[in-house]
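Residue numbers (the working numbering): 134 to 259. We treat Cβ as the ideally placed atom computed from N, Cα and C, and that holds for glycine. Just below is one structure, and these are the notes that go with it.
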């Protein structure tokens, strides 16, 4: 997808790692920012707004043991993805391009749900 330079990019951090068996995915958004994301966007002449990170969900205790084929912390993951979906929808509704920085792979469900809802409301394909 080519980003239209007239659209503002909303940088949205999704620091989630609850659905992953490995720790550290929640550090992704900050690591991407530190590595020079904003400088790169500015160099390309793209306008952007950094919305910061959604609230970090700490791993609840007791820690659940990961079992193959299951989602750990389903309720907590669902709540986080609902927040992410709302934030991405807000970005689309402003006419912006949401750039979501993750986080574990579960974050795709929230951002894709928002994109599908937005484009369906416009009778367009994403």
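For residue 222 and residue 247, believed in contact at Cβ under 8 Å, the rounded distance: 4 Å
Limits of the alpha helix (DSSP H) - the one that residue 210 falls within: 207-226
Residues that DSSP places opposite residue 186 in a beta bridge: 146
Proximity below 7 Å, CB of residue 174 to CB of residue 147: no
Residue 162 - DSSP class collapsed to helix/strand/coil: helix
Cβ neighbour criterion (16 or more within 10 Å) applied to residue 154: exposed
Proximity of residue 184 and residue 219 at Cβ, strictly below 7 Å: no
Among 138, 232 and 252, nearest to residue 166 - alpha-carbon criterion: 232
Residue 258 versus residue 227: straight-line alpha-carbon distance, rounded: 18 Å
CA-to-CA distance, residue 164 to residue 134, given in whole angstroms: Since pLDDT at residue 134 reaches only 49, below the 50 mark, its modelled position is unreliable, and the value read off the structure follows with that caveat. Using only the alpha carbons, I get a separation of about 24 Å.
Residue 170: first and last residue of the uninterrupted beta strand (DSSP E) it sits in: It is not in any beta strand (DSSP E) - residue 170 instead sits in the alpha helix (DSSP H) that spans 170-176.
Residues bridged to residue 235 [DSSP beta-bridge criterion]: 147
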